[in-house]
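Numbering (this note's numbering), first residue to last: 498 to 766.
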């Protein structure tokens with residue numbers, strides 16, 4: 498039945514054989530508001546209809562399928578200052594399969610970093626670099642989570658391969674499986690080729706995103722800079738009347754966020 502542009506109407510079966518629904522652009526945008534980050538959908542020809550399978554379990558899956566029907570993501574609202582999208586996924590921890598949720602880490606800082614794919618080239622250098630320095634994060638009451646669109650079985654196979662053979666060896670933190678690509682969509686890092694960009698998010702003890710960066714895939718990230726930013730986040734949260742200038746390191750001078758504080762900072766620099 499249809500009572501207008503924004504009504505859900507029963508559609509013909511999808512090519513996969515399952516039942517489907519047709520959802521207009523306005524309703525799609527309303528659905529997006531319930532699934533951060535906000536995405537505006539539209540078709541290049543000006544239309545606004547996307548198809549949602551009834552048995553899809555998340556709007557992230559719908560977005561991925563929508564691309565096959567010409568829909569494109571036009572804009573996403575930054576996650577900074579907002580609650581991080583929650584998730585519950587399979588992960589590899591100490592070579593065992595476990596369920597991991599973001600809420601498991603409430604009360605701690607979380608370094609959530611995405612990498613494109615297992616068995617690649619830049620990715621193991623980053624994964625190992627974070628693993629080698631895990632104690633520096635834990636000393637700061639922070640945990641590290643790595644995630645890619647590979648399955649947990651792929652993660653395990655890569656971990657069980659020695660480093661001199663191109664594997665990871667043992668890793669000191671969980672590797673999460675985002676096989677359905679829901680996390681990559683939720684955090685705005687899904688690449689056109691179906692992998693993820695090198696997104697990194699620092700989530701505070703309350704579950705709020707305080708920092709994010711997204712690299713293209715040809716170059717890796719700097720663990721020193723991640724630790725520096727984490728230190729700055731912790732400092733300003735513990736000292737809300739101060740802010741950290743560019744390049745701030747623990748022990749450096751801070752600034753009061755007012756004109757007098759700025760004047761004093763530059764006078765003494």
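For glycine and all other residues, C-beta sits at the position ideal for the given N, C-alpha and C.
None of the values given here were measured: they were computed from a predicted structure.
Residues of the same chain with a CB within less than 7 Å of the CB of residue 686, apart from the 5 flanking positions on each side, are 611, 693, 694, 696 and 711 in chain order. DSSP places residue 710 in the strand class (E or B) of the three-state scheme. Residue 626 is a Cβ neighbour of residue 720, given a cutoff of 9 Å. In the three-state reduction of the DSSP assignment, residue 650 falls in the helix class. A direct Cα-to-Cα measurement between residue 623 and residue 723 gives close to 12 Å. For the pair residue 651 and residue 633, the Cα-to-Cα distance works out to about 28 Å.
Beta-bridge analysis with DSSP links residue 598 to 585.
Assignment of residue 606 by DSSP, reduced to helix, strand and coil, places it in the strand class. For residue 756, the three-state secondary structure derived from DSSP is helix. Taking residue 701 as reference, the option from 595, 715 and 607 with the minimal CA-CA separation is 607. For residue 601, the closest of 614, 671 and 617 by C-alpha to C-alpha distance is 671. Note: residue 645 is bridge-paired with 674 in the DSSP secondary-structure output. Looking at the DSSP output, residue 640 sits in a beta bridge with 607.
Cβ neighbours of residue 745 within its own chain (closer than 6 Å, five residues either side excluded): 729. DSSP places residue 698 inside the beta strand (DSSP E), whose first and last residues are 695 to 700. A distance below 7 Å between beta-carbons, with the five flanking residues on each side excluded, links residue 759 to the following residues of its chain, in chain order: 752. Membership of residue 628 in the alpha helix (DSSP H) is indicated by the continuous run 619 to 629.
A straight-line Cα-Cα distance of about 17 Å links residue 725 and residue 628.
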